[in-house]
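Report on the following structure.
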Amino acid sequence: GAVVSQHPSWVICKSGTSVKIECRSLDFQATTMFWYRQFPKQSLMLMATSNEGSKATYEQGVEKDKFLINHASLTLSTLTVTSAHPEDSSFYICSAVDGQGYGYTFGSGTRLTVV
Amino acid sequence: AQSVTQLDSHVSVSEGTPVLLRCNYSSSYSPSLFWYVQHPNKGLQLLLKYTSAATLVKGINGFEAEFKKSETSFHLTKPSAHMSDAAEYFCVVSDYTGRRALTFGSGTRLQVQP
Chain H
4 GAVVSQHPSW
14 VICKSGTSVK
24 IECRSLDFQA
34 TTMFWYRQFP
44 KQSLMLMATS
54 NEGSKATYEQ
64 GVEKDKFLIN
74 HASLTLSTLT
84 VTSAHPEDSS
94 FYICSAVDGQ
104 GYGYTFGSGT
114 RLTVV
Chain W
10 AQSVTQLDSH
20 VSVSEGTPVL
30 LRCNYSSSYS
40 PSLFWYVQHP
50 NKGLQLLLKY
60 TSAATLVKGI
70 NGFEAEFKKS
80 ETSFHLTKPS
90 AHMSDAAEYF
100 CVVSDYTGRR
110 ALTFGSGTRL
120 QVQP
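Protein chains in written order, with my numbering: chain H, 4 to 118; chain W, 10 to 123.
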């Protein structure tokens with residue numbers, strides 16, 4: 004089946020620094036990837052949709068200059084949290100969609116803690 | 010527009026008893042519906058999905074769900090709960106194209122008492 008690898012699984016960073024999270028589809032080409040954020044004891048909220056080779060589409064209320072998304076190839080999308088602040092601490096999960104019948108596949112998530 | 014409502018934020022059952030997690034959906038088109046499970050600090054695991062084939066969908070670990078269009082429901086059931094079933098469960102809807110992002114319900118936390 005389809006596998007999506009997400010790294011790192013957890014990261015602690017200082018306030019004001021930037022953090023990059025990678026999401027790779029290992030055995031299929033992901034034309035579309037989604038980034039979600041999950042606050043403690045809450046559901047997943049869509050942040051943005053990225054399509055290979057084009058600009059990401061951000062959901063209302065998500066700052067595109069703060070959450071930079073790059074989908075440069077069919078197997079890799081990255082989310083960079085710029086100038087991170089404690090309120091950005093959350094669980095970030097990516098999801099990839101393939102065109103070969105696997106549907107949606109989720110990464111294992113990244114726990115970001117900003118101190 | 011599409012949405013899902015999970016009717017219970019917490020469900021507690023005894024080990025060996027049946028599980029019922031309730032979900033109602035709203036969609037402008039024929040939806041695809043999913044149930045995902047999330048264990049603490051872990052990613053999401055697909056339990057089962059409905060994509061307009063059989064209305065009774067069997068998933069992994071003994072779970073199943075029935076799509077009822079007249080009731081706009083997609084409840085998740087399991088005949089006998091196991092301690093390892095304790096987790097957060099999400100009912101999820103996607104539109105008919107399968108290309109748009111998934112919309113998640115608020116989640117139901119399942120507790121299994123010994």
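All residues carry an ideal CB built from backbone N, CA and C; glycine is no exception. Nothing here was measured: the structure is a model prediction, and the numbers come from that model.
- Segment contact: the stretch 7 to 18 of chain H against the stretch 62 to 73 of chain H, fewer than three CB-CB distances shorter than 8 Å; contact not assigned.
- Just measuring C-alpha positions, the residue of H:109, H:115, H:62, H:63 sitting nearest residue 88 of chain H is H:115.
- With the criterion set as a beta carbon lying under 9 Å from some beta carbon of chain W, the stretch 18 to 29 of chain H has no members that meet it.
- Separation of residue 95 of chain W and residue 10 of chain W (C-alpha to C-alpha, rounded to the nearest whole angstrom) is 31 Å.
- For residue 96 of chain W, the enclosing beta strand (DSSP E) covers residues 96 to 103.
- Flagged as an interface residue toward chain W: residue 107 of chain H, by a C-beta distance shorter than 8 Å.
- For residue 61 of chain W, not one C-beta of chain H is nearer than 8 Å to its own C-beta.
- When DSSP states are grouped into helix, strand and coil, residue 79 of chain W belongs to the coil group.
- DSSP places residue 25 of chain H inside the beta strand (DSSP E), whose first and last residues are 22 to 28.
- DSSP assignment within the stretch 70 to 96 of chain H yields no whole alpha helix (DSSP H) run of 4 residues or more.
- Identification of residues in the stretch 36 to 60 of chain W having a C-beta nearer than 9 Å to some C-beta of chain H yields 41, 43, 45, 47, 50, 51, 52, 53, 54, 55, 58, 60, given in sequence order.
- Within the same chain, Cβ atoms closer than 8 Å to the Cβ of residue 17 of chain W are found at 30, 31, 117, the five residues on either side in sequence being excluded.
- By the C-beta criterion, the stretch 74 to 89 of chain H is judged to be in contact with the stretch 23 to 34 of chain H, since at least 3 inter-stretch pairs fall below 8 Å.
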